[in-house]
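Residue numbers for the sequence shown follow our numbering, beginning at 2 and rising by one. From the three backbone atoms N, C-alpha and C, an ideal C-beta is built for every residue, glycine too.
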Amino acid sequence: MGKSRAEIQKAYRERQKLKGPAFLSKERARQRQNYVPASHLSKKTKEARNNQAKLRNRLSRLRKKTRENDVEETSGYGSMSMETGDDERNQPTEQRALIVK
Numbered sequence: 002m003g004k005s006r007a008e009i010q011k012a013y014r015e016r017q018k019l020k021g022p023a024f025l026s027k028e029r030a031r032q033r034q035n036y037v038p039a040s041h042l043s044k045k046t047k048e049a050r051n052n053q054a055k056l057r058n059r060l061s062r063l064r065k066k067t068r069e070n071d072v073e074e075t076s077g078y079g080s081m082s083m084e085t086g087d088d089e090r091n092q093p094t095e096q097r098a099l100i101v102k
């Protein structure tokens, strides 16, 4: 299977680091050039940037939460009950409702 974009980018950065300190100094200068301190922004621009950061953070946390919820149980106990079919969670919701009543 091929590499993901993140893996490709990581490998690229490693190759660039091997080229020497010239790359690292250029990269530091590039990052410094793109950064704008909040004190230099107008109130409206600052609020817009903060709102974008909040949204990005919220979406990141949501993605992390859904990734954690998608992880399957690996304890072994859940798989044993699924094999036997005795677990009421494996039954359709209508049957579960009848069992609860």
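Distance between Gln-34 and Pro-22 (C-alpha atoms, nearest Å): Residue 22 sits at position 21 when you count from the first residue of the sequence shown. Residue 34 sits at position 33 when you count from the first residue of the sequence shown. Going by the C-alpha atoms only, they are around 18 Å apart.
task: Return helix, strand or coil for Leu-25, following the three-state DSSP convention.
output: Here residue 25 corresponds to residue number 24 of the sequence shown, with the count starting at 1. In the structure shown, Leu-25 sits in a helix (DSSP, three-state: H, G or I).
message: Output needed for Gln-17: all residues of its chain with C-beta closer than 7 Å, excluding positions within five of it in sequence on either side, in chain order.
response: Within the sequence shown, residue 17 is the residue found at index 16, counting from 1. Once the five neighbours on either side are set aside, the close Cβ partners of Gln-17 are Phe-24.
field: Among Lys-66, Ala-39, Glu-28, nearest to Ala-54 - alpha-carbon criterion
entry: Counting from 1 along the sequence shown, the entry for residue 54 is found at position 53. Checked all of Lys-66, Ala-39, Glu-28; the closest Cα to Ala-54 is Ala-39.
field: Delimiting residues of the alpha helix (DSSP H) encompassing Leu-42
entry: For the purposes of this step, residue 42 is taken as residue 41 along the sequence shown, with counting starting at 1. Leu-42 -> no alpha helix (DSSP H), and no H or E assigned at all.
task: Kindly indicate the opening and closing residues of the alpha helix (DSSP H) around Lys-1.
output: Nothing in the structure corresponds to residue 1, since the chain is present only between 2 and 102.
query: Looking at the structure shown, is Glu-48 part of a helix, part of a strand, or coil, going by DSSP?
result: The residue given as residue 48 occupies position 47 in the sequence shown. Helix, per DSSP.
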